[in-house]
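Residue 323 in this note's numbering sits at position 8 of the sequence shown, and the numbers go up by one each step.
Okay, so here's the structure we're looking at.
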Amino acid sequence: MDLDPSTFESMTPEEFAQTVKKMSDAEISEVMRGEHRVAILDTIFGRFPDLFRPDKAVGVNSTIQFRITGGPEEHPHDTYEIVVDDGTCTVSEQPGDTYDVSLMMAPPEFTKMVTGRGNPTMLVMRGKIKVKGDIATAATFPSLFDIPKA
Numbered sequence: 316m317d318l319d320p321s322t323f324e325s326m327t328p329e330e331f332a333q334t335v336k337k338m339s340d341a342e343i344s345e346v347m348r349g350e351h352r353v354a355i356l357d358t359i360f361g362r363f364p365d366l367f368r369p370d371k372a373v374g375v376n377s378t379i380q381f382r383i384t385g386g387p388e389e390h391p392h393d394t395y396e397i398v399v400d401d402g403t404c405t406v407s408e409q410p411g412d413t414y415d416v417s418l419m420m421a422p423p424e425f426t427k428m429v430t431g432r433g434n435p436t437m438l439v440m441r442g443k444i445k446v447k448g449d450i451a452t453a454a455t456f457p458s459l460f461d462i463p464k465a
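Written out as structure tokens, the structure is:
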């Protein structure tokens, strides 16, 4: 597999997007059930502040939780939280008890969303992403980031 966390530090978001684009949904799911899952997710979420567009988030105060399913049996999902607070963006692996919107999805849909390969609205409409909370916050979330395109 080309998706190796040891190469992430030297890999640009665009290179990551191109790597994931070459993988099938089954390959992505397989990798995300393996030993590198947490390192991959930590790296992806760690880049959100760098891709953040503060000019688009003036006056925006939202907490978005991501629940990524498809993990190994002993740890079937991981939850990360992105907090946008009036032009700032922080990420936490320790989500709080409150949020504006929670998005639950499998690894293939998550990678499609973070690499610009999938339309989040269409993924929600097809039931591939489950939304709990404020749907308007979920709809505006992608515009707050400069998502690399695959």
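For glycine and all other residues, C-beta sits at the position ideal for the given N, C-alpha and C.
Quiz item: Around the Cβ of residue 391, are there at least 16 other Cβ atoms within 10 angstroms (buried) or fewer (exposed)?
Solution: When all chains shown are included, residue 391 counts as exposed.
Quiz item: In the structure shown, what three-state DSSP assignment does residue 340 receive?
Solution: Residue state, collapsed to three classes: helix.
Quiz item: Does the Cβ-Cβ distance between residue 344 and residue 435 come in under 8 angstroms?
Solution: Not a contact, by the Cβ cut-off of 8 angstroms.
Exercise. Kindly indicate the opening and closing residues of the beta strand (DSSP E) around residue 447.
Key: If you look at residue 447, you'll find it in the beta strand (DSSP E) that goes 444-448.
Practice problem: Let me know the secondary structure DSSP gives residue 378 once reduced to three states. | Solution: Of the three classes helix, strand and coil, the one that applies to residue 378 here is strand, per DSSP.
Practice problem: Could you spell out where the alpha helix (DSSP H) holding residue 459 opens and where it closes? | Solution: Segment: none, residue 459 is in no alpha helix (DSSP H) and carries neither H nor E.
Quiz prompt | Span separating the alpha-carbon of residue 410 from that of residue 386 | solution = Across the structure, residue 410 and residue 386 are spaced so that their CA atoms are roughly 18 angstroms apart.
Self-check item: Secondary structure of residue 401, DSSP reduced to three states
Solution: Here residue 401 sits in coil by DSSP.
Quiz item: Just to confirm, are residue 332 and residue 430 a CB contact at a threshold of 8 angstroms?
Solution: Annotated as proximal: residue 332 and residue 430, with beta-carbon spacing under 8 angstroms.
Practice problem: Confirm, please, whether the CB-CB distance from residue 354 to residue 328 is below 8 angstroms. | Solution: The answer is no: Cβ separation not under 8 angstroms.
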